[in-house]
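Participant: Would you mind keeping the following structure in view while I ask a few things?
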Amino acid sequence: MIAGAGVYIAVRSLSNGLPLHLVTQQCIVSADGKATLEPDQMANAATIAAVGIRRGLPTRAVVIALSAALQESKLENLAGGDRDSIGLFQQRPSQDWGTPQEISNPRYAAGAFYTALMRVRNWQGRSIAEAAQAVQRSADGSAYAQWEAEAQILANALSGDVSGAVACTITAPPAARGPAAAGSLAQSLTADWGEMDTVTDNSLPGLKLTVNETRNGWQIAHWLVAHSVDQNIKSVRYGDQEWTAKAGTWSRASGDRTVAAGDQIIAAVYSQS
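For the sequence shown, this note's numbering assigns the number 1099 to the initial residue and increments by one for each residue that follows.
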């Protein structure tokens, strides 16, 4: 665990323009196995994990939630489904899961799933598929079992158990830049991880977000990479490791790239120019 971890959101310029669309956008997760996801799937998986971690739930709960979402929606936030089913877990307003607007919010949907899971008797002693089925009550509860291995890989990485485990290659131009992108990122971090103390840091043209001192730094670093498309993130640095959207991998920071202190995570969004 990293004491006093902090996140810096900085605005940085691209020296050579935006990367060309020569490489397929994808995220590769390597944590006692390998899984490949589209960026939107990766972002949803990261939010599901963050909601569980924030509640203090064990990794097994995250594995169950991810297995359920993989089966129900392939980790895509669906606008519809069977009858009135909506969202990542295909929850139904008519079955008291919430309003359509609420269920369409990945954070709300994940929270509703975990709340229901905690009500399942002996959920930790059941198989992943049995526990997921006790919440979802689908037609074929055995189907959740096929996703257990992939869900475990994702949970291991997003729980921060393995360093540099989430790497996304991003080729699309950012949807937002500068202060707007930095502000959106700050709000999303808070929404998934809870309140963070925010102060201006003069050494970087951006925001410094102080994370709970018991937070695992790799949890935040992996969340940032997972949300690199929807949050317009160009690079993430933690310790002496750096991920960039262009390279799509983690490597040792070198040259004039500032190495993040042990208690800091630096996320750079695209500048206005």
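Built from N, CA and C at the ideal position, the CB exists for glycine as well.
Looking only at its chain, what residues have a beta carbon closer than 8 Å to the beta carbon of residue 1119, apart from the 5 residues adjacent to it on each side?
Facilitator: The pLDDT assigned to residue 1119 is 45, lower than 50, so where the model puts this residue is not dependable; a value taken from the coordinates is nonetheless given after this. 1269 and 1270.
Participant: In this structure, how does DSSP classify residue 1296 when only helix, strand and coil are distinguished?
Facilitator: Residue placement at residue 1296 cannot be trusted, given a pLDDT of 48 that sits under 50; what the coordinates show is reported in the next sentence. The answer is strand: DSSP assigns residue 1296 an E or B state.
Participant: What does DSSP give as the partner residue(s) for residue 1135 in the beta ladder?
Facilitator: DSSP, once it has assigned bridges, lists 1125 as partnering residue 1135.
Participant: Contact defined as beta carbons within less than 8 Å: I believe residue 1326 pairs with residue 1366. What is the distance between those atoms, to the nearest angstrom?
Facilitator: Residue 1326 to residue 1366, Cβ: 10 Å. No contact.
Participant: Looking at the structure shown, is residue 1237 part of a helix, part of a strand, or coil, going by DSSP?
Facilitator: Residue 1237 falls in the coil class under three-state DSSP.
Participant: Residue 1350 lies in the beta strand (DSSP E); which residues open and close that run?
Facilitator: Residue 1350 -> beta strand (DSSP E) spans 1348-1350.
Participant: So the candidates are 1370, 1191 and 1176; which of them puts its Cα closest to the Cα of residue 1272?
Facilitator: Per the Cα distances, 1370.
Participant: Do the CB positions of residue 1196 and residue 1208 come within less than 8 Å of each other?
Facilitator: No.
Participant: Measure the CB-CB distance between residue 1336 and residue 1324 and report whether it falls below 8 Å.
Facilitator: No, these two residues do not count as a Cβ contact at 8 Å.
Participant: Give the range of the beta strand (DSSP E) segment to which residue 1213 is assigned.
Facilitator: That residue, residue 1213, is in no beta strand (DSSP E); its alpha helix (DSSP H) goes 1204-1216.
Participant: Per DSSP, which one or two residues make a beta bridge with residue 1264?
Facilitator: Looking at the DSSP assignment, residue 1264 forms a beta bridge with 1127.
Participant: Considering residue 1340, what are the terminal residues of the beta strand (DSSP E) in which it resides?
Facilitator: Note, residue 1340: beta strand (DSSP E), 1339-1342.
Participant: Can you tell me where the alpha helix (DSSP H) with residue 1327 in it begins and where it stops?
Facilitator: Segment: none, residue 1327 is in no alpha helix (DSSP H) and carries neither H nor E.
Participant: Considering only the beta carbon of each residue, do residue 1162 and residue 1184 sit closer than 8 Å?
Facilitator: Cβ atoms of residue 1162 and residue 1184: not closer than 8 Å.
Participant: Please go through the same chain and pick out, in chain order, the residues whose beta-carbon is closer than 8 Å to the beta-carbon of residue 1192, but skip the five residues on each side of it.
Facilitator: Excluding residues within five positions, the ones whose Cβ falls inside 8 Å are 1181 and 1182.
Participant: When you compare only the Cα positions, how much space is there between residue 1242 and residue 1352?
Facilitator: Taking the straight line joining both Cα atoms gives about 43 Å.
Participant: Taking 7 Å as the cut-off, is the beta-carbon of residue 1135 closer than that to any non-hydrogen atom of the ligand SAM?
Facilitator: Questions concerning the ligand SAM fall outside what the structure shown contains, since it holds no ligand whatsoever.
Participant: Any chance the stretch 1237-1254 sits against the stretch 1163-1171, with 3 or more Cβ pairs inside 8 Å?
Facilitator: Result yes; three or more Cβ-Cβ pairs closer than 8 Å.
Participant: Just mark residue 1175 as buried or exposed, buried being the case when its beta carbon has 16 or more other beta carbons within 10 Å.
Facilitator: Result: buried.
Participant: Three-state secondary structure (DSSP) at residue 1169?
Facilitator: Helix.
Participant: Given a threshold of 16 other Cβ atoms within 10 Å of its Cβ, counted over all protein chains shown, does residue 1131 qualify as buried or as exposed?
Facilitator: Per the 10 Å Cβ criterion, exposed.
Participant: Of the residues 1189, 1264 and 1203, which one's Cα is nearest the Cα of residue 1235?
Facilitator: The shortest C-alpha separation from residue 1235 is found at 1189.
Participant: Within 10 angstroms of its Cβ, does residue 1263 collect 16 or more other Cβ (buried), or is it exposed?
Facilitator: Buried, by the Cβ-count rule.
Participant: Residue 1189 by DSSP, collapsed to three states: which one?
Facilitator: Note: residue 1189 maps to strand in three-state DSSP.
Participant: Answer yes if the stretch 1284-1295 comes into contact with the stretch 1340-1347, meaning at least three C-beta pairs across the two stretches below 8 Å, and no otherwise.
Facilitator: With the cut-off at 8 Å, the stretch 1340-1347 and the stretch 1284-1295 do not touch.
Participant: Taking all protein chains shown into account, decide if residue 1156 is buried (16 or more other Cβ within 10 angstroms of its Cβ) or exposed.
Facilitator: Per the 10 Å Cβ criterion, exposed.
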